[in-house]
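Asker: My numbering numbers the first residue of the sequence shown as 50 and each following residue consecutively.
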Amino acid sequence: MALGYKARKRWSLVVLLVALPLWIVASVTLTDWLRARHEGLSWFVDLVVFVVLGVVWILPLRRLFLGVGQPDPDTRRD
């Protein structure tokens, strides 16, 4: 079932205000865990992990964000 415009807008706010900060905390925790487990990791490995995790979060949610910044298509313009 497809979400309506208002529902997508609300869910996108929830994702940006709640889920994204949690994702950031999880990615920093993962990077710290990797750094503690493998002592000699360089800054390049951290960079690769952050870039991959920065792209991965949006892949399942891209349809949610499509068109949210546009005017509501269901409203009539007279």
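Built from N, CA and C at the ideal position, the CB exists for glycine as well.
#1: If we ignore side chains and look at the alpha-carbon of each, how far apart do L113 and G53 end up?
#2: Take every Cβ of the segment 61–79, pair it with every Cβ of the segment 103–120, and state whether three or more of those distances are shorter than 8 Å.
#3: With a Cβ-Cβ cutoff of 8 Å, do T80 and F99 count as a contact?
#4: Using the C-alpha atoms, what's the distance from L115 back to T124?
#5: Leaving aside the five residues before and after V117 along the sequence, list all residues of the same chain whose C-beta is less than 7 Å from its C-beta, in chain order.
#6: Could you check where the alpha helix (DSSP H) with W92 kicks off and where it finishes?
Answerer: Working from what's here:
#1: 10 Å
#2: yes
#3: yes
#4: 17 Å
#5: R57, K58 and S61
#6: W92 to V105
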